[in-house]
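**Q** Residue numbers (UniProt numbering): 1 to 445.
Got a structure for you, written out below as structure tokens; questions coming shortly.
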Amino acid sequence: MAETSARTTKVFAWGGNVFDQIHFDHPRTSAPYTVPDAAAILAICAYQTVVRSHSGQIRALGEAARLLEQAIQTILDDDNDADSSGLVFVGQDMFEAVLDVRRKRCCFLRYVEEEEEEERGSSEMVEGSSWETAACDGRGRCMAFDLDGKVYLFDSVAMFRAATGQGEDAVRLRDAKRFVAQVFSPDGSSSSSAPTMLPRFDTVSAGNAHFVLLARSSNEVCPVWIYGDARFGAVPLRPFDHTTTVGVLPPSHSPSTPAPTDVPHLMPVPHFSPDQGFPSRIANAIAGSRHTLVLTADGDLYGWGWNEDSALLPFHTTADTPSWENNIVFEPTLIPLPSAAAGKDDTVALTKIAGSNARSLGITTEGRLVVAGSNEFGGLALDEEQLGALAKKPRFERAFSQIKKAYECVNGWQLHPELGAAQGATVVQVHATALATFITVEMEQ
Numbered sequence: 001m002a003e004t005s006a007r008t009t010k011v012f013a014w015g016g017n018v019f020d021q022i023h024f025d026h027p028r029t030s031a032p033y034t035v036p037d038a039a040a041i042l043a044i045c046a047y048q049t050v051v052r053s054h055s056g057q058i059r060a061l062g063e064a065a066r067l068l069e070q071a072i073q074t075i076l077d078d079d080n081d082a083d084s085s086g087l088v089f090v091g092q093d094m095f096e097a098v099l100d101v102r103r104k105r106c107c108f109l110r111y112v113e114e115e116e117e118e119e120r121g122s123s124e125m126v127e128g129s130s131w132e133t134a135a136c137d138g139r140g141r142c143m144a145f146d147l148d149g150k151v152y153l154f155d156s157v158a159m160f161r162a163a164t165g166q167g168e169d170a171v172r173l174r175d176a177k178r179f180v181a182q183v184f185s186p187d188g189s190s191s192s193s194a195p196t197m198l199p200r201f202d203t204v205s206a207g208n209a210h211f212v213l214l215a216r217s218s219n220e221v222c223p224v225w226i227y228g229d230a231r232f233g234a235v236p237l238r239p240f241d242h243t244t245t246v247g248v249l250p251p252s253h254s255p256s257t258p259a260p261t262d263v264p265h266l267m268p269v270p271h272f273s274p275d276q277g278f279p280s281r282i283a284n285a286i287a288g289s290r291h292t293l294v295l296t297a298d299g300d301l302y303g304w305g306w307n308e309d310s311a312l313l314p315f316h317t318t319a320d321t322p323s324w325e326n327n328i329v330f331e332p333t334l335i336p337l338p339s340a341a342a343g344k345d346d347t348v349a350l351t352k353i354a355g356s357n358a359r360s361l362g363i364t365t366e367g368r369l370v371v372a373g374s375n376e377f378g379g380l381a382l383d384e385e386q387l388g389a390l391a392k393k394p395r396f397e398r399a400f401s402q403i404k405k406a407y408e409c410v411n412g413w414q415l416h417p418e419l420g421a422a423q424g425a426t427v428v429q430v431h432a433t434a435l436a437t438f439i440t441v442e443m444e445q
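See below:
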């Protein structure tokens with residue numbers, strides 16, 4: 001029998017290390033850093049990273065890492081080798097809660113200012129949780145699903161904490177913050193007598209000020225739903241055409257300080273509805289900072305939202321003929337992907353996607369990395385030489401312009417020149433935050 005070479009995984013990181021969330025001694029450059037003994041990324045937020053080592057240990061990097069590790073150990077009953085697959089980390093900048101879905105409990109974290117170094121914060125375990133998952137946007141709002149797939153919106157994680165448990169006050173708060181179905185008419189009116197319930201949602205992803213929800217059941221009429229701020233095109237000012245049902249919060253319990261650009265409806269995206277002729281199942285839906293990406297089971301990609309840095313579509317213009325109207329993609333649009341290595345007539349198919357501040361990333365079926373948009377902080381895993389091999393977005397600003405960006409942008413989705421291209425090395429995971437990008441590569445030992 002022929003010998004098979006053993007394979008292992010390594011996690012590489014690019015970007016700003018302002019909070020030591022890449023590593024405590026990582027120099028603040030765009031050069032890649034190998035996270036020591038990291039086999040996989042478990043969770044990321046802007047200031048913190050949670051990794052699993054090759055020996056199965058869970059480690060936290062970044063701001064208040066020790067407190068976060070202690071919370072993880074507490075929720076795993078001090079058995080750091082326990083299965084962490086049932087854990088959900090909740091937070092945009094820092095993790096403020098860890099959900100233990102299987103044992104129906106949550107650990108909430110309270111951080112303190114640096115001057116109070118003796119305490120460095122505390123954690124609180126709450127039993128009797130009914131949460132399945134949750135996500136926080138850049139405003140601090142928390143959207144959560146319970147074990148029945150119902151969806152809730154809280155103004156903060158503190159309010160999310162108050163709604164956790166089986167006490168009367170918690171139950172009352174959940175009732176006040178749960179979306180309910182309403183019939184929606186083209187004239188903008190809605191009726192409380194909806195013919196159906198909202199879908200049973202499975203995943204939620206949060207951007208700067210919007211949420212993207214996915215219901216994976218093949219029986220759902222509309223699998224993709226959105227909610228949030230209508231600026232920058234991530235959410236339309238009013239529901240898309242062919243919308244018949246929306247979700248609304250109880251009138252007396254709408255967000256306490258709604259922004260004027262917030263849309264009151266949790267709304268479907270009928271473009272992906274089988275009833276409207278969409279042919280594929282949806283595999284994933286994620287929120288970038290101000291844009292949205294939807295991946296089909298066939299490997300095709302759709303997106304809409306803010307496109308100023310070309311994280312969605314390329315700019316087919318020159319510096320002499322700028323087209324500012326391309327800054328916003330107003331509705332779900334098929335994203336052109338690069339040609340496959342086998343031939344120019346075939347484009348790559350994607351298996352995973354990620355997005356954050358004005359940049360997008362994906363992994364092809366062959367394990368290649370695909371990148372688009374902003375390379376700020378080296379977030380596309382590109383050094384100057386690699387960036388020079390790709391088509392960059394044309395610059396429209398004058399040389400002395402105050403809005404001229406200090407970084408280059410990759411003009412639409414393009415194959416990374418190196419990652420996944422080497423013999424025997426494939427990209428298997430990609431994660432992105434506002435400051436950094438983490439790429440997990442499988443390779444021979």
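Here a beta-carbon is modelled for each residue, glycine too, at the ideal position from N, C-alpha and C.
No experiment lies behind these values; they were computed from the predicted model shown.
When burial is assigned at 16 or more other CB atoms within 10 Å of the CB, is Arg-139 buried or exposed?
**A** Within the sequence shown, numbered from 1, the residue matching residue 139 stands at position 139. Answer is buried; the Cβ neighbour count reaches 16.
**Q** Are there three or more Cβ pairs, one per stretch, closer than 8 Å when the segment 155 to 168 is compared with the segment 122 to 139?
**A** Yes, they touch.
**Q** Count the other C-beta atoms from every protein chain shown that fall within 10 angstroms of the C-beta of Glu-385, then say buried if there are 16 or more, exposed otherwise.
**A** Counting from one through the sequence shown, the residue named residue 385 turns up at place 385. Its Cβ having fewer than 16 others within 10 Å, Glu-385 is exposed.
**Q** Here's the rule: buried if 16 or more other CB atoms are within 10 angstroms of the residue's CB, otherwise exposed. What is Asp-169?
**A** Here residue 169 refers to the residue found at position 169 of the sequence shown. By the neighbour-count rule (16 or more Cβ atoms within 10 Å), Asp-169 is not buried but exposed.
**Q** Are there 16 or more other CB atoms within 10 angstroms of the CB of Ser-30, so buried, or fewer, so exposed?
**A** Residue 30 sits at position 30 when you count from the first residue of the sequence shown. Confidence at Ser-30 is low in this model, with a pLDDT of 48, below 50, so the placement of that residue should be treated as unreliable; the coordinate-derived value is given next. It counts as buried.
**Q** Pull up the CB-CB distance for Trp-14 and Ala-421, whole angstroms please, since I reckon it's below 8 Å.
**A** In the sequence shown, residue 14 corresponds to position 14, counting from 1. In the sequence shown, residue 421 corresponds to position 421, counting from 1. 17 Å between Cβ atoms; not a contact.
**Q** Are at least three pairs of beta-carbons, each pair with one atom in the segment 409 to 420 and one in the segment 50 to 62, less than 8 Å apart?
**A** The answer is no - the segment 50 to 62 does not touch the segment 409 to 420, with fewer than three Cβ pairs under 8 Å.
**Q** Considering only their Cβ atoms, is the gap separating Ala-287 from Val-224 smaller than 8 Å?
**A** For the purposes of this step, residue 224 is identified with residue 224 of the sequence shown, where counting begins at 1. For the purposes of this step, residue 287 is identified with residue 287 of the sequence shown, where counting begins at 1. Not a contact, by the Cβ cut-off of 8 Å.
**Q** Alpha carbon to alpha carbon, how far is residue 449 from Asp-77?
**A** In the structure as shown, the chain begins at 1 and stops at 445. Residue 449 is therefore absent and cannot be evaluated.
**Q** If Thr-351 and Gly-299 are in contact, beta carbons under 8 Å, what's the gap, nearest whole angstrom?
**A** Taking the first residue of the sequence shown as 1, we reach residue 351 at position 351. Taking the first residue of the sequence shown as 1, we reach residue 299 at position 299. Between Gly-299 and Thr-351 the Cβ distance is about 7 Å, and since that is below 8 Å, they are a contact.
**Q** Grab me the residues of Ala-38's own chain with a C-beta within less than 7 Å of its C-beta, minus the 5 sequence neighbours each way, in chain order.
**A** Here residue 38 refers to the residue found at position 38 when the sequence shown is read from its first residue. Val-11, Val-51, Ser-53, listed in sequence order.
**Q** So does the segment 225 to 238 actually touch the segment 209 to 217, counting three or more Cβ pairs closer than 8 Å?
**A** Short answer: they touch.
**Q** Does the Cβ-Cβ distance between Ala-432 and Gly-355 come in under 8 Å?
**A** Locating residue 432 in the sequence shown gives position 432, counting from the first residue. Locating residue 355 in the sequence shown gives position 355, counting from the first residue. A contact, by the Cβ cut-off of 8 Å.
**Q** For Phe-184 and Ser-289, what's the separation of their Cα atoms in angstroms?
**A** Taking the first residue of the sequence shown as position 1, residue 184 is located at position 184. Taking the first residue of the sequence shown as position 1, residue 289 is located at position 289. Going from the Cα of Phe-184 to the Cα of Ser-289 covers about 28 Å.
**Q** Which residues does DSSP pair with Thr-203 in a beta bridge?
**A** Position 203 of the sequence shown, counted from the first residue, corresponds to residue 203. Paired residue(s): Leu-214.
**Q** Under 8 Å, with one C-beta from each stretch per pair, do the segment 53 to 69 and the segment 101 to 108 reach the 3-pair mark?
**A** Judged by Cβ distances under 8 Å, the segment 53 to 69 makes no contact with the segment 101 to 108, as fewer than three pairs qualify.
**Q** For Asp-374, which residues of its own chain have a beta-carbon under 6 Å away from its beta-carbon, when the five flanking residues on both sides are left out?
**A** For the purposes of this step, residue 374 is taken as the residue at position 374 of the sequence shown. In the sequence on display, residue 374 carries Ser and not Asp. Result list for Ser-374: Asp-309, Ala-358, Arg-359, Cys-409, in chain order.
**Q** In its own chain, which residues sit with a C-beta less than 7 Å from the C-beta of residue 456, not counting the 5 before and 5 after it?
**A** Residue 456 falls outside the range modelled here, since the chain spans only 1 to 445, and no answer is possible.
**Q** Taking the runs of the beta strand (DSSP E) that are 3 residues or longer, which of them lie wholly in the segment 71 to 154?
**A** Runs found: 87 to 90, 97 to 100, 105 to 110, 122 to 127, 131 to 136, 142 to 146, 151 to 154.
**Q** Just how far apart, CA to CA, sit Gly-388 and Glu-376?
**A** In the sequence shown, residue 388 corresponds to position 388, counting from 1. In the sequence shown, residue 376 corresponds to position 376, counting from 1. Using only the alpha carbons, I get a separation of about 15 Å.
**Q** My output table needs one value for Phe-377: the three-state DSSP class, helix, strand or coil.
**A** By 1-based counting over the sequence shown, the position of residue 377 is 377. Residue state, collapsed to three classes: helix.
**Q** Can Thr-365 and Ala-349 be called in contact, C-beta distance under 8 Å?
**A** The count along the sequence shown starts at 1 and reaches residue 365 at position 365. The count along the sequence shown starts at 1 and reaches residue 349 at position 349. A contact, by the Cβ cut-off of 8 Å.
**Q** Give the DSSP-derived three-state secondary structure of Gly-305 in the structure shown.
**A** Here residue 305 refers to the residue found at position 305 when the sequence shown is read from its first residue. DSSP places Gly-305 in strand when its eight states are reduced to three.
**Q** How many angstroms separate the CA atom of Asp-146 from the CA atom of Thr-133?
**A** For the purposes of this step, residue 146 is taken as the residue at position 146 of the sequence shown. For the purposes of this step, residue 133 is taken as the residue at position 133 of the sequence shown. When rounded, the distance between both Cα atoms is 7 Å.
**Q** Around the Cβ of Glu-444, are there at least 16 other Cβ atoms within 10 angstroms (buried) or fewer (exposed)?
**A** The sequence position of residue 444 within the sequence shown is 444, counting from 1. Exposed, since its Cβ has fewer than 16 Cβ neighbours within 10 Å.
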